[in-house]
Every structure is written in C-alpha cells, then in structure tokens.
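Structure, as structure tokens:
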Amino acid sequence: SPPPSSATPTTAGCSSDGWCQSPEGPVQQCADDAGPPWADDLEIFGAWARYHDNTPATPILPADGECPGALKAACTAKGVKAAHLDGPIDCGGGGWVCR
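For the numbering used here, add 2 to where a residue sits in the sequence shown, where the first one is 1.
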C-alpha cells in the first residue's frame, strides 16, 4: 500500500510497489564495482526507503533555510536530504555541474 500522505515528498520517484531507486537516473557504476548498483535496494532497505534513510547524513542549508536554486525542484519533490544526495540538480541546461 502507498505511504501515508505525510511521507509523500520523500517518496517521490518511488514505484507503485515502494521501490525507491536512488538515484533515479542510470547507474554510473562500473560493472566490476563491488556491490549492486541498486537492483536489490527494495529487498535490503524495504519499501518506501532509500539507501540514505536512517543515516546521519544531514545537508547544510544556507542561512535562510532554503534549498539552493539548482536543487529547489528536487527538494520540493523528495525532501531536502534525498535532493542533496540524489538530485537531480537543475543547472539550466548547463550540464551536471552548476557554476
């Protein structure tokens, strides 16, 4: 069953069965890297969860408490932590790195 509505921002991008591919885009891992790219995340972390949930990782926001411009849409959709660790960033068509 879907998560409660209060959890919806952090589950954006999850499949209907609760698999939260993190990050959503194609994996940038080499075939011989240790561990799976994320194919077993649903099994390991459970439904409606990402690999970084329940970890001490904490984004440091600017003094105004708002997400930076390149992450605003991701913060709104997924929550601050998932946006900072998974993106996507929006560099206005300028590639993966905003300058």
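Glycine is no exception: its CB is placed at the ideal position from the N, C-alpha and C atoms.
Can you tell me whether residue i is helix, strand or coil according to DSSP?
i, result
"Ala72", "helix"
"Ser8", "Below a pLDDT of 50, predicted positions are generally treated as unreliable, and Ser8, at 37, falls in that range; no measurement from the model is reported."
"Ala51", "strand"
Could you say which of the options lies nearest to residue i if we only look at CA atoms?
i, options, result
"His86", "Cys100, Thr78, Ala79, Pro61", "Pro61"
"Ala41", "Gly94, Gly95, Thr57, Ser17", "Ser17"
Hey, quick one: how far does the alpha helix (DSSP H) through residue i stretch, first residue to last?
i, result
"Asp92", "It is not in any alpha helix (DSSP H) - Asp92 carries neither H nor E in the DSSP assignment."
Go through its chain and collect everything with a Cβ distance to residue i's Cβ below 6 Å, but skip five positions before and after it.
i, result
"His54", "Leu87"
**Prompt:** Is it a yes or a no for the segment 43-60 touching the segment 16-26, going by three-plus beta-carbon pairs under 8 Å?
**Reply:** yes
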